[in-house]
Amino acid sequence: MRLEKLNLSPSDVLRLFLRYVAEHEKLPFAEVSVIVGEQDEDADILAVVRERLKTPTKRIRVDLDDI
Numbered sequence: 001m002r003l004e005k006l007n008l009s010p011s012d013v014l015r016l017f018l019r020y021v022a023e024h025e026k027l028p029f030a031e032v033s034v035i036v037g038e039q040d041e042d043a044d045i046l047a048v049v050r051e052r053l054k055t056p057t058k059r060i061r062v063d064l065d066d067i
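See the structure below:
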């Protein structure tokens, strides 16, 4: 398990996560949406996600009422 490499237990990770949220009043990550179709393969989806993580673009805010 990767946590063992970091010398962390699951409870340590949860404690660190909750401390971050309490101190910064936000999550340490951002939600990202990817639209996929039934024909898309997992490897293709992962490739798109990895590429977008490498070269992020400005987010577009959309209100569901505007759609």
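Residue numbers (this note's numbering): 1 to 67.
Cβ coordinates follow ideal geometry from the N, Cα and C atoms, glycine included.
Keep in mind the model is a prediction, meaning the values are calculated, not measured.
- Between aspartate 42 and aspartate 63, the alpha-carbon positions lie close to 29 Å from each other.
- DSSP places phenylalanine 17 within a helical segment (H, G or I) once states are collapsed to three.
- In the three-state scheme derived from DSSP, where H, G and I count as helix and E and B as strand, proline 10 is classed as helix.
- One thing to note: leucine 27 has its Cβ within 8 Å of the Cβ of valine 21.
- Taking C-beta atoms as the reference points, leucine 3 and serine 9 count as a pair closer than 8 Å.
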